[in-house]
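Peer 1: In the UniProt record's numbering, the protein residues as written are 1 to 569. Heads up, the beta-carbon is just placed ideally off N, CA and C, and yes, glycines get one too. Note that the coordinates shown come from a computational prediction; the quantities given were computed from them, not determined experimentally. Mind having a look at this structure? Questions to follow.
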């Protein structure tokens, strides 16, 4: 017994079982690798974050912006996407919708609280309408909800006196029922109210968009007449409200002490000026992102140069105000920024006296991470004259990309321009379909877009639209075709609308013209090409059904022949 091997054979290791054992071991190993693979994949998926809202690495966008090649890829100079375009339009954020039942419940509650005092009081048939009367308020809300069937209401303001004894003005916050944009809208209209001999009231008419001027400004700390508070008030307050009064005055430093204790970042020079709006924002948001990373105030130049691709003169135009195109009120409230012109006035006044130093950086390869410990009051990045190394966005490339994120959420489109969009949509009662028809140079270039001209002809459009848009609908046509009569054949089936039908919204008598003229120191502002394409695009995007040229109307590729797969990547 002592002579037997210590490794005695059990039944498991019999020679005849070796094949089965080997197969079992291989199976166990394979299963282990499978479990480990699933675990690794799950961890990667859970921790992955897209690098940027544009969903492309910065190197790809940089290549696009700096490309000088003669390839068939053509730059798209349409409107840029901004922060609000990346917000999810989650209905729970907006809160509960106000309907007629809510008004009835309010009436019942006020009747219980007030007893029969209101009914016992005598009314003066010949006297002015009392806009503060709850009965008037209830009547106006019911009439508004009944008239505008394609929007949801979230707040009604208390009525105020209108232009005479028989009118009242009232404001409300709303969203289109089928709205995809994460934003609120505000309208205020004038109501004509009649009182009969038996003291009952009736709404005679409701004015057009923004006619109730006396209800435009909500008094400070004034409670809404009727509002359902959203479940997440902070998220709701972070949304744009188109139609509210815009306060985009320049921020000012409170005192010398406040200025001297501040830390600042400024970008000077470079080759970004007069480039496309896509290029401008890619660079500007790099600077803003670095300022936030360094916990410094960004000194920004509000005077921008508009590229010739957007101007009627076909020349680059200096002196355009940032506030013409973007929401500066939101930016200054959500980030620390100062106007460059005012900053230098304060710097020259206090810098020497308060011992404020400047740290100069002349190489874009000096990363923000290397500047975190700089104690000087002002960091100045100075860019040279050689493109593309003098583009601001070069700062955010390479290793910086993982540390500095462009703060897209801080940049919204101008609410003055978006109010024009809201006005146009309101004139169609937010009940329209839209089609984007690209023609112009692309339609004439048969080499790159061989079918576009034929596919966007009136006959072809009638055939394509007939299968997708119901006859008799309001149809908004966003297009670069200068001659609107080109689309006259479509009028037999649809009520067509074009941007130029609404010129009164930006002409010299408009609110937009008045407010932008004030921003421009009394000089009238041209409604330029970028503003046009911005509004045309945004109105198109609010249509109930939307047909795009290169997805729905033609088989041609958006950027020229053989580029459809490239655009998808």
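Do you know how far the Cα of residue 468 is from the Cα of residue 553?
Peer 2: Start at 1 with the first residue of the chain shown, and residue 553 comes out as number 553. Start at 1 with the first residue of the chain shown, and residue 468 comes out as number 468. Near 11 Å, if we compare the C-alpha coordinates of residue 468 and residue 553.
Peer 1: Taking residue 448 as part of the alpha helix (DSSP H), name the residues at either end of that continuous run.
Peer 2: Stepping through the chain shown from its first residue, residue 448 is reached at position 448. Note, residue 448: premise wrong, no alpha helix (DSSP H); not H, not E.
Peer 1: Using the beta-carbon count (16 or more within 10 Å), is residue 433 buried or exposed?
Peer 2: Along the chain shown, one-based indexing puts residue 433 at 433. It counts as buried.
Peer 1: Counting Cβ pairs closer than 8 Å, one from the region 337 to 345 and one from the region 305 to 321, do we hit at least three?
Peer 2: In short, these stretches do not touch, since the Cβ pair count stays below three.
Peer 1: With DSSP collapsed to three states, give me the class of residue 176.
Peer 2: Taking the first residue of the chain shown as position 1, residue 176 is located at position 176. Reduced to three states, the DSSP call for residue 176 is strand.
Peer 1: Which of helix, strand or coil does DSSP assign to residue 269?
Peer 2: Taking the chain shown and counting its residues from 1, the one referred to as residue 269 is at position 269. If DSSP states are grouped into helix, strand and coil, residue 269 belongs with the strands.
Peer 1: Return the CA-CA distance between residue 86 and residue 550, expressed in angstroms with no decimal places.
Peer 2: Here the question's residue 86 lines up with position 86 in the chain shown. Here the question's residue 550 lines up with position 550 in the chain shown. The C-alpha of residue 86 lies about 23 Å from the C-alpha of residue 550.
Peer 1: Hey, how far is the Cα of residue 306 from the Cα of residue 325?
Peer 2: Sequence index remark: in the chain shown, residue 306 carries index 306 (1-based). Sequence index remark: in the chain shown, residue 325 carries index 325 (1-based). Each residue's Cα considered, the two are about 11 Å apart.
Peer 1: In the structure shown, what three-state DSSP assignment does residue 202 receive?
Peer 2: Within the chain shown, the letter at position 202 stands for residue 202. Looking at residue 202 - three-state DSSP - the assignment turns out to be strand.
Peer 1: Does DSSP put residue 359 in a helix, in a strand, or in coil?
Peer 2: Start at 1 with the first residue of the chain shown, and residue 359 comes out as number 359. Correct three-state label for residue 359: strand.
Peer 1: Give me the residue from 201, 406, 94 and 440 with the minimum Cα distance to residue 130.
Peer 2: In the chain shown, the residue the question calls residue 130 occupies position 130. If we check each option's Cα against that of residue 130, 201 comes out closest.
Peer 1: Whole angstroms is fine: what's the gap from residue 323's alpha carbon to residue 376's?
Peer 2: Within the chain shown, numbered from 1, the residue matching residue 323 stands at position 323. Within the chain shown, numbered from 1, the residue matching residue 376 stands at position 376. Approximately 30 Å between the Cα atoms of the pair.
Peer 1: Can you tell which of 139, 514 and 151 has its C-alpha closest to the C-alpha of residue 543?
Peer 2: Within the chain shown, residue 543 is the residue found at index 543, counting from 1. Of the listed residues, the one whose Cα sits closest to residue 543 is 151.
Peer 1: What did DSSP end up calling residue 316 once you bin it into helix, strand or coil?
Peer 2: To locate residue 316, count along the chain shown from 1; it is residue 316. Looking at residue 316 - three-state DSSP - the assignment turns out to be coil, as it is neither helix nor strand.
Peer 1: Alpha carbon to alpha carbon, what distance is there between residue 473 and residue 493?
Peer 2: Position 493 of the chain shown, counted from the first residue, corresponds to residue 493. Position 473 of the chain shown, counted from the first residue, corresponds to residue 473. When rounded, the distance between both Cα atoms is 8 Å.
Peer 1: Return the residue from the list 407, 401 and 470 that minimises the CA-CA distance to residue 84.
Peer 2: As a position in the chain shown, residue 84 is number 84, starting the count at 1. Comparing Cα-Cα distances from residue 84 to each of 407, 401 and 470, the minimum goes to 407.
Peer 1: Within the region 465 to 498, note down every full alpha helix (DSSP H) run reaching 4 residues or more, in order along the chain.
Peer 2: none
Peer 1: Would you tell me roughly how many angstroms separate the C-alpha atoms of residue 153 and residue 499, rounded to the nearest one?
Peer 2: Translated into positions along the chain shown, residue 153 becomes position 153. Translated into positions along the chain shown, residue 499 becomes position 499. Roughly 27 Å separates the two Cα atoms.
Peer 1: Helix, strand or coil: which one does DSSP assign to residue 405?
Peer 2: Against the chain shown, residue 405 aligns to sequence position 405. The answer is coil: DSSP assigns residue 405 none of H, G, I, E or B.
Peer 1: Work out the CA separation of residue 249 and residue 393 for me, nearest whole Å.
Peer 2: Indexing the chain shown from 1 puts residue 393 at position 393. Indexing the chain shown from 1 puts residue 249 at position 249. About 27 Å.
Peer 1: Of all the beta strand (DSSP E) runs that stay within the bounds of the region 269 to 311, which reach a length of 3 or more residues?
Peer 2: Counting only runs that start and end inside the region 269 to 311, the beta strand (DSSP E) elements of at least 3 residues fall at 297 to 300 and 303 to 306.
Peer 1: Look up residue 435 in the DSSP assignment and say whether it is helix, strand or coil.
Peer 2: Numbered from its first residue, the chain shown carries residue 435 at position 435. DSSP places residue 435 in strand when its eight states are reduced to three.
Peer 1: Exposed or buried, what is residue 383 when buried is set at 16 or more other beta-carbons lying within 10 Å of its beta-carbon?
Peer 2: Walking along the chain shown from the start, residue 383 turns up at place 383. The Cβ neighbour count for residue 383, taken over all protein chains shown within 10 Å, is at least 16; the residue is labelled buried.
Peer 1: Based on DSSP bridge pairs, tell me the residues matched to residue 382.
Peer 2: Position 382 of the chain shown, counted from the start, is the residue given in the question as residue 382. Partner(s): 268.
Peer 1: Can you tell me whether DSSP reads residue 509 as helix, strand or coil?
Peer 2: On the chain shown, residue 509 is found 509 positions in, with the first residue counted as 1. Looking at residue 509 - three-state DSSP - the assignment turns out to be coil, as it is neither helix nor strand.
Peer 1: For residue 458, count neighbouring Cβ atoms within 10 angstroms of its own Cβ and tell me buried if that reaches 16, exposed if not.
Peer 2: In the chain shown, residue 458 corresponds to position 458, counting from 1. Exposed is the call here.
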